[in-house]
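Structure record follows, encoded as structure tokens.
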Amino acid sequence: MIHARSSRFGLLPSITTAGLVVVCALATSACDPASARGSAGSANAEDSGPLSNVKVSAPTIDFELPEFELVDHEKRPFKKADLAGKVWVTDFIFTSCPSVCPGLTRKMSALVKELEGNDAVRFLTITVDPENDTPEKLAAFGREHGTPSPKWFMVTGEPKVVDNTVIKGFLMAVQRGSARTDISHAERFVVVDKRAHVRGLFDTDDAGLASLKKRIDELAAE
Numbered sequence: 060m061i062h063a064r065s066s067r068f069g070l071l072p073s074i075t076t077a078g079l080v081v082v083c084a085l086a087t088s089a090c091d092p093a094s095a096r097g098s099a100g101s102a103n104a105e106d107s108g109p110l111s112n113v114k115v116s117a118p119t120i121d122f123e124l125p126e127f128e129l130v131d132h133e134k135r136p137f138k139k140a141d142l143a144g145k146v147w148v149t150d151f152i153f154t155s156c157p158s159v160c161p162g163l164t165r166k167m168s169a170l171v172k173e174l175e176g177n178d179a180v181r182f183l184t185i186t187v188d189p190e191n192d193t194p195e196k197l198a199a200f201g202r203e204h205g206t207p208s209p210k211w212f213m214v215t216g217e218p219k220v221v222d223n224t225v226i227k228g229f230l231m232a233v234q235r236g237s238a239r240t241d242i243s244h245a246e247r248f249v250v251v252d253k254r255a256h257v258r259g260l261f262d263t264d265d266a267g268l269a270s271l272k273k274r275i276d277e278l279a280a281e
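Counting in my numbering, the sequence shown runs from 60 upward without gaps.
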């Protein structure tokens with residue numbers, strides 16, 4: 060049975076970078092139909108994390124990702140070094156997600172298609188269910204909900220490495236319930252610059268996507 064629960068909780072209240080404290084509470088969605096239908100603002104105290112209602116409260120975000128070694132949908136190694144020299148748009152999904160992940164993947168696919176001619180940009184999808192999401196499953200999910208591109212990498216790996224990358228590296232909240240499809244995770248696009256520094260979080264509505272594209276252009280010019 061799929062369990063419904065709150066769609067918002069937070070993680071890691073502060074990041075200090077270059078003297079700037081960035082308060083980061085990352086909006087998440089529970090990947091089940093009931094949560095997808097519910098309002099993001101309907102979280103209650105018992106379901107939410109400590110920072111459920113806090114938003115990014117600084118004009119810039121700039122923190123470096125740790126080293127990692129994952130594997131992409133074609134079974135090729137994918138490391139932090141592979142991020143160098145490009146601007147990366149990143150999202151987080153899992154293939155058995157019955158609600159938000161297919162839509163998020165379609166939005167990523169549309170973005171890939173729109174920016175295909177921009178060689179400064181690459182795209183990265185990281186599973187939050189590495190125990191079940193093999194490279195083959197990721198490849199099939201990408202084909203089902205998007206258009207494959209050589210600039211779009213879908214990655215998985217050892218569960219501890221994936222969690223370290225997502226939670227401690229990207230500072231994305233992930234919460235797993237008892238059911239396999241009961242995983243809450245970030246529903247935003249994250250932008251990484253040419254130095255493998257996280258430089259922005261963006262909603263996936265029209266306004267968020269417009270801001271995302273503007274940020275991509277800024278980072279590509281750096």
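Even glycine gets a Cβ: it sits at the ideal position worked out from N, Cα and C.
Counting only the same chain and skipping the five closest in sequence on each side, list residues whose C-beta sits under 8 Å from that of residue i.
i	result
Gly267	Arg247, Phe248, Phe261
Lys227	Pro125
Taking all protein chains shown into account, do 16 or more other C-beta atoms lie within 10 angstroms of the C-beta of residue i, making it buried, or fewer, making it exposed?
i	result
Asp276	exposed
Ala140	exposed
Gly205	buried
Asp178	exposed
Pro157	exposed
Ala255	buried
Pro189	buried
Leu278	buried
Ala245	buried
Ala269	exposed
Lys114	Note that Lys114 has pLDDT 45, beneath the 50 cutoff, so the model's placement of it is unreliable and the number below is only indicative. That one is exposed.
Candidates the options: which alpha carbon is nearest residue i's?
i	options	result
Lys134	Gly228, Val250, Thr193	Thr193
Val171	Gly216, Leu230, Gly201, Glu217	Gly201
Pro207	Arg235, Ile242, Lys227, Arg165	Arg165
Glu123	Arg258, Arg274, Asp264	Arg258
Ala280	Arg235, Lys145, Pro125, Glu128	Lys145
Pro136	Ala143, Leu142, Glu128	Glu128
Ile242	Arg274, His256, Asp222	Asp222
Ala199	Leu271, Pro161, Asp265, Leu278	Pro161
Asp264	Leu278, Val251, Ile120, Met167	Met167
Ala143	Pro218, Lys253, Ala169, Thr119	Lys253
Ile120	Lys219, Ala169, Phe229	Phe229
Lys273	Asn191, Lys219, Leu174	Leu174
Round the Cβ separation of residue i and residue j to the nearest angstrom and send it over; I've been treating them as touching at under 8 Å.
i	j	result
Val148	Val187	The Cβ separation is near 17 Å, so there is no contact.
Gly216	Val159	Not confirmed; about 22 Å, so no contact.
Lys210	Arg181	5 Å
Val251	Leu271	With 8 Å as the limit, Val251 and Leu271 do not qualify as a contact, their Cβ atoms being about 12 Å apart.
Under 7 Å Cβ to Cβ from residue i, same chain only, skipping five residues before and after it: list those, please.
i	result
Val225	Phe151, Ile185, Val187, Met231, Val233
Leu197	His132, Thr154, Thr186, Met213, Thr215
Gly100	Below a pLDDT of 50, predicted positions are generally treated as unreliable, and Gly100, at 30, falls in that range; the measurement from the model is reported next regardless. So the list is empty, once near-sequence residues are dropped.
Leu163	Asp150, Ile152, Glu246, Thr263
Val220	Phe127, Glu128, Leu129
Glu195	none
Residues in the same chain with beta-carbon distance under 6 Å from residue i, minus the five sequence neighbours each way, listed in chain order, please.
i	result
Leu183	Trp147, Thr149, Phe212
His235	Here residue 235 turns out to be Arg, not His, going by the sequence shown. Ile242, listed in sequence order.
Glu203	none
Between residue i and the ligand NAD, is there a pair consisting of the residue's CB and a ligand heavy atom that are separated by less than 8 Å?
i	result
Ile242	Of the ligands one can find in the structure shown there are none, so the ligand NAD has no counterpart to examine.
- Ignoring anything shorter than 4 residues or poking outside the region 148-188, list the alpha helix (DSSP H) runs there in chain order. Runs of the alpha helix (DSSP H) spanning 4 or more residues and lying entirely within the region 148-188 occur at 159-173, in chain order.
- Item | Length at least 3, wholly inside the region 219-277: the beta strand (DSSP E) runs in chain order | For the region 219-277, the continuous beta strand (DSSP E) assignments of 3+ residues that do not extend past its boundaries occur at 233-235, 242-245, 248-251, 256-261, in sequence order.
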